[in-house]
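Residue 108 in the working numbering sits at position 105 of the sequence shown, with consecutive numbering throughout.
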Amino acid sequence: MIDLDGRVAIVTGAGGGLGRSHALLMASRGAKVVVNDLGGGRDGSGGGSEMADAVVTEIVDAGGEAVANYDGVHTWEGGEAIVQTALDAFGRVDIVVNNAGILRDTSFAKLEEVQLDLVLKVHLYGAFHVARAAWNHLKEQGYGRIINTTSGSGLYGNFGQSNYSAGKMGQVGLTRTLAIEGAKYGITANVIAPAATSRMTEDIFPPQLLEKLEPEYVSPLVAYLASETCTDTGRIYSVGGGYMARVAILEGEGATFEGVPTPDDVADAWEQVNQVGPGAAEFTHGVMEQTGKIMQALGISLE
């Protein structure tokens with residue numbers, strides 16, 4: 004049985020949606036949970052304590068242990084305060100789930116600094132801030148689990164989300180490096196690309212798919228990655244609605260040139276350069292194709 008007894012988990016953005024689901028499931032499996040949520044709107048504006056407090060109450064009422072934290076992940080100090088909450092309440096930290104996120108969608112032609120800055124700070128900087136604040140504690144105890152959150156938009160791109168996509172794909176690079184640096188210290192780092200119903204996706208996915216994409220379908224993967232049982236690291240997983248699949252970055256055999264090639268040589272070898280190879284997994288070309296694969300796997304039709 005997968006259990007998290009004795010472990011202390013931090014879940015950012017845990018006041019609702021995926022974060023709430025992650026926190027509830029890990030608490031039910033024995034983890035003591037820091038429920039972090041700034042309590043702001045989908046665009047990152049505002050704030051409040053009600054969302055985090057409500058999830059803590061749910062956990063405690065079910066017999067678990069949890070404390071709330073209301074700091075924003077977008078600052079270095081916020082990341083340190085979140086980890087300090089775990090240390091003050093429970094004396095340690097074992098698991099970091101970077102889930103907090105906001106949206107400020109716009110086409111690239113209309114993108115302005117206000118739509119870029121905070122989105123990158125919440126998604127990419129936020130993952131750095133919380134993981135970095137926890138890192139030395141994880142190293143010293145010789146154990147840790149970090150689960151970051153990318154998306155189909157990050158992996159494959161999506162119209163109107165250049166800011167969000169860049170932040171999300173940045174988490175993939177961060178995760179893979181943490182996996183390398185953490186290996187000798189018993190720290191694993193993995194990243195998930197979830198498709199789930201939340202205030203972030205309610206006007207993006209078709210209604211037929213939203214009905215199938217409850218956050219509870221994603222959290223079991225997070226809990227498994229957070230457990231001692233799972234030792235895989237540096238990997239990317241697409242997950243939603245009962246569908247789970249590893250995502251891989253592919254590189255073909257390529258072409259080799261004798262000497263410095265001319266642009267004409269490149270053109271002549273272009274098909275070979277682009278060839279991934281027989282038997283290799285197919286590329287996914289966009290977030291809608293990723294969604295389509297999930298719908299096909301779940302037997303959902305829009306007709």
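Think of the CB as a built atom: it goes at the ideal place given N, C-alpha and C, for glycine as much as any other residue.
Apart from sequence neighbours up to five positions away, the residues of its chain that approach residue 21 with a beta-carbon distance below 8 Å are 102, 152, 197, 199, 201, 218, 221 and 222, ordered along the chain. Under the 8 Å Cβ criterion, the segment 132-148 counts as touching the segment 80-91, having at least three qualifying pairs. Under the three-state reduction of DSSP, residue 298 is assigned to helix. Residue range 53-64 is occupied by the alpha helix (DSSP H) that includes residue 62. DSSP lists 242 as the beta-bridge partner residues of residue 247. If you draw a 10 Å sphere on the C-beta of residue 117, you find fewer than 16 other C-beta atoms in it, and that means exposed.
Cβ-Cβ distances below 6 Å link residue 35 to 11, 68 and 93 in the same chain, with the five nearest sequence neighbours on each side left out; the list follows chain order. DSSP places residue 278 in the coil class of the three-state scheme, outside both helix and strand. Taking C-beta atoms as the reference points, residue 75 and residue 41 count as a pair closer than 8 Å.
Taking all protein chains shown into account, residue 180 has fewer than 16 neighbouring C-beta atoms within 10 Å of its C-beta and is therefore exposed. Annotation for residue 142: no beta strand (DSSP E) segment contains it, though the alpha helix (DSSP H) segment containing it runs 129-144. Per DSSP, residue 218 lies in no beta strand (DSSP E) segment and is marked neither H nor E. A distance below 6 Å between beta-carbons, with the five flanking residues on each side excluded, links residue 111 to the following residues of its chain, in chain order: 165. For the set 78, 63 and 55, the Cα lying nearest the Cα of residue 71 is the one of 55.
Residue nearest to residue 255 within the set 225, 237 and 277 is 277 (criterion: CA-CA distance). Straight-line spacing of the CA atoms in residue 157 and residue 27 works out to 26 Å. In this structure, residue 185 sits away from residue 123, with a CB-CB distance that is not shorter than 8 Å.
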